[in-house]
Amino acid sequence: MHTNHMESQTEQERELAQLIIESLNLEDMRAEEIDPEEQLFGEGLGLDSIDALELALAITQRYNVQIKAEDENMKEAFSTLRSLTAYIASNSR
Amino acid sequence: MINLLSDRVWFLATFLACVASNRLTLLPPSQQAGAVKQLFSRYPDSMVVDNKTWPSAKFSELLAAISNATVQAPGIPDDQPAAVLFTSGSTGKPSAHAKPWRTLRDGALQDARLLQLTGETRLNLVATVPPQHMWGFETTVLLPIFTAATSTHHHPFFPADIQRVLEQTPAPRALVSSPVHLRALYRSGVDLPPLEFIYTATAALDGDLAKALERRYQTSVVEIFGSSETGMLAHRAVREDEQWHAGDSFSLAAQTDCLMVSAPHLPEPVSISDHVQMTGQGTFLWLGRDADMVNIAGKRGSLAHLNALLLQVEGVEDGVVFSSEKRLAALVVAPHLDAAAIRSALAVEVDPVLLPRPVVLVESLPRQPSGKLAANDVLALFKRVRAVKR
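What follows is the structure, encoded as structure tokens:
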């Protein structure tokens, strides 16, 4: 985890970070600790496919956005907290 | 040929090409670089094909050529080695399970009976499971080869994807999946077109969820009990009791800590580390697994193997991997490493869902004078350390 230089989170990013921590039971972390530019899956935060399913459900329930893997932009959207927040914002109704 | 292709048609074409040219297909226990590397050291003449190296540009030409040709299926000798599936075991070296052609063929016919497919049923399968894993291999690769069933090449993941692919698939349809995906599917609330069956395997499906799926989707949920060693072994329908019903070609013998299975189509009798209680001819109750083997989201792992890998990480002085809630966690003594570095090191060999989370660094493990670690002491320390962190 990078503790020396971390980008600061916007309010929406903080909200999504909180959702990630709650829905995935990441008890050891606080929302402020998720670097918006850090990779979410694999390296970085180290989320995996089970987390992806759980997170997708939480996002659909909170933001009413459907997550589809076959959407071209999806892989990029899921790469960091920042990109995921942006994806949700541009796809919300 | 180490076949890592995720598209089922590509996988199938490559697999059949290998069979036709008498080349063995190897299916590793995980797609991690370390697992593939291990296979290379055992089979130095191997090739690897994956989504990046597969010549997809040639595929359309190939399809066009095939549809214009009269293809004569070659006669494949019964005992020709066709595939080897590998599973992680407690010894650290993956166990190899050889599948000659006749095992695949006769096994597929047994599978069809377990899945309640009649000879003429042209069931169109949609699956969330990869073709490399035994469950996906039997359903989406072998059934289309040996029976009238078909499989879509798609590999849907999220509930919305499953919905879309099923809608694009003509009836009669069935979904081949596993408890993690089915739970996400149900909770998402998406609608699905009419399904003949939902087939599930790799981990136990909660009875209430099974009934809920049947109600919502007006379908039959068929649970399959199987393994890489035996293939599909038994089935169970939701409305009946908890007993499993083994396929008619299998002979079972329950031992104290394992189940011995033999069948005409298996190369030799195998032992699987499940505790069962026979309740009749070919029927049994599942009592649990050998404590060393864990099942996380349908992936099998050996705690002993994971422990060994952890201790091999440079800088790790001591450590233990254990089950915590629905996952694995680890306590590690490594004064000069952080949790991320340890997980990265493990990730080379270990499937992502089996990586311990969290990895908690401690000063020492609560070993007894004999060197043994008691589970209670480990969990107590784990709890204490996490309480302090908050």
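As given, the protein sequences belong to chains A and B, one line each in that order.
Here this note's numbering is used: position 27 in the first sequence is 27, and no number is missing along the way.
Here this note's numbering is used: position 297 in the second sequence is 1297, and no number is missing along the way.
We put the CB at the ideal spot given by N, CA and C, even for glycine.
Checklist entry - What is the residue span of the alpha helix (DSSP H) that B:PRO1100 lies within? => result It is not in any alpha helix (DSSP H) - B:PRO1100 instead sits in the beta strand (DSSP E) that spans 1095–1100.
Item to check | Any chain B beta carbon closer than 7 Å to A:HIS2 | outcome: In this prediction, A:HIS2 scores a pLDDT of 49, lower than 50, which makes its location untrustworthy; the coordinate-derived value is nonetheless stated afterwards. No, A:HIS2 does not count as interfacial toward chain B.
Checklist entry - Per the contact definition of three or more C-beta pairs closer than 8 Å, is the stretch 1227–1235 of chain B in contact with the stretch 1130–1139 of chain B? => result A contact exists between the stretch 1130–1139 of chain B and the stretch 1227–1235 of chain B.
Checklist entry - Under the rule that 16 or more other beta-carbon atoms within 10 Å means buried, what is B:HIS1336, buried or exposed? => result Burial check for B:HIS1336: the Cβ neighbour count within 10 Å stays below 16, so the residue is exposed.
Next on the checklist: I'd like to know if A:ILE67 contacts chain B, where contact means its C-beta is closer than 7 Å to some C-beta of that chain.
Outcome noted: Yes, because at least one Cβ of chain B sits closer than 7 Å to the Cβ of A:ILE67.
Checklist entry - Terminal residues of the continuous alpha helix (DSSP H) containing B:SER1344? => result It spans 1339–1347 - the alpha helix (DSSP H) in which B:SER1344 sits, taken as one unbroken run.
Next on the checklist: Counting beta carbon pairs with one atom in the stretch 1328–1335 of chain B and one in the stretch 1363–1373 of chain B, are three or more of them shorter than 8 Å?
Outcome noted: These segments touch.
Checklist entry - For B:SER1344, which residues in chain A fall below 8 Å Cβ to Cβ? => result GLU43, listed in chain order.
Checklist entry - Secondary structure at B:HIS1391, three-state DSSP: helix, strand or coil? => result Absent from the structure is residue 1391 of chain B, since the part of chain B shown begins at 1001 and ends at 1390.
Checklist entry - Per DSSP, what kind of secondary structure is B:THR1014 in: helix, strand or coil? => result DSSP places B:THR1014 in helix when its eight states are reduced to three.
Checklist entry - What are the partner residues of B:TRP1135, as DSSP defines its beta bridges? => result DSSP output for B:TRP1135 lists no bridge partner at all.
Item to check | Reference B:PHE1040, options B:LEU1266, B:PHE1086, B:ARG1384 and B:GLY1226, closest by Cα | outcome: Proximity to B:PHE1040 across B:LEU1266, B:PHE1086, B:ARG1384 and B:GLY1226 peaks at B:PHE1086, based on C-alpha coordinates.
Item to check | Buried versus exposed call for B:PRO1029 [16 or more other C-beta atoms within 10 Å across all chains shown] | outcome: With 16 or more Cβ atoms within 10 Å of its Cβ, B:PRO1029 is classed as buried.
Next on the checklist: Any beta carbon of chain A sitting closer than 7 Å to that of B:VAL1180?
Outcome noted: At a cut-off of 7 Å between beta-carbon atoms, B:VAL1180 makes contact with chain A.
Item to check | Coarse secondary structure for A:HIS2, derived from DSSP in three states | outcome: With a pLDDT of 49 at A:HIS2, under the threshold of 50, the modelled position of that residue is not reliable, and the figure given next carries that caveat. It is coil, neither helix nor strand.
Checklist entry - Alpha carbon to alpha carbon, how far is B:ALA1112 from B:VAL1321? => result Rounded to whole angstroms, B:ALA1112 to B:VAL1321 spans 39 Å at the Cα level.
Next on the checklist: Could you check whether the Cβ of A:ILE50 sits closer than 7 Å to any Cβ belonging to chain B?
Outcome noted: Taking Cβ atoms only, chain B reaches closer than 7 Å to A:ILE50, which makes this a yes.
Checklist entry - According to DSSP, which residues form a beta bridge with B:ALA1246? => result DSSP, once it has assigned bridges, lists B:ALA1234 as partnering B:ALA1246.
Next on the checklist: In the DSSP output, which residue or residues are listed as bridge partners for B:GLU1223?
Outcome noted: Paired residue(s): B:THR1200 and B:ARG1236.
Checklist entry - Within 7 Å (strictly less), CB to CB, does A:ALA77 reach chain B? => result A:ALA77 does not count as touching chain B.
Next on the checklist: Please report the straight-line C-alpha distance between B:ILE1145 and A:ASP28, rounded to a whole angstrom.
Outcome noted: Within the model, the alpha-carbon separation for B:ILE1145 versus A:ASP28 is close to 48 Å.
Next on the checklist: If we define contact as Cβ-Cβ less than 7 Å, is A:LEU56 a contact residue for chain B?
Outcome noted: Note on identity: in this sequence residue 56 of chain A is Ala, with Leu being the wrong assignment. A:ALA56 belongs to the set of residues whose beta carbon lies under 7 Å from a beta carbon in chain B.
Item to check | Within-7 Å CB hit, B:ARG1187 to chain A | outcome: By this cut-off, B:ARG1187 is an interface position.
Checklist entry - Between B:VAL1276 and B:LEU1259, which are expected to be in contact by the criterion C-beta below 8 Å, what is the C-beta distance as a whole number of angstroms? => result Taking 8 Å as the upper bound for CB-CB distance, B:VAL1276 and B:LEU1259 are in contact here, some 5 Å apart.
Checklist entry - Could you give the distance in angstroms between the alpha-carbon of B:VAL1238 and the alpha-carbon of B:LEU1306? => result Roughly 34 Å separates the two Cα atoms.
Checklist entry - So B:VAL1129 packs on B:VAL1176, CB below 8 Å; how close in whole Å? => result Confirmed, about 6 Å.
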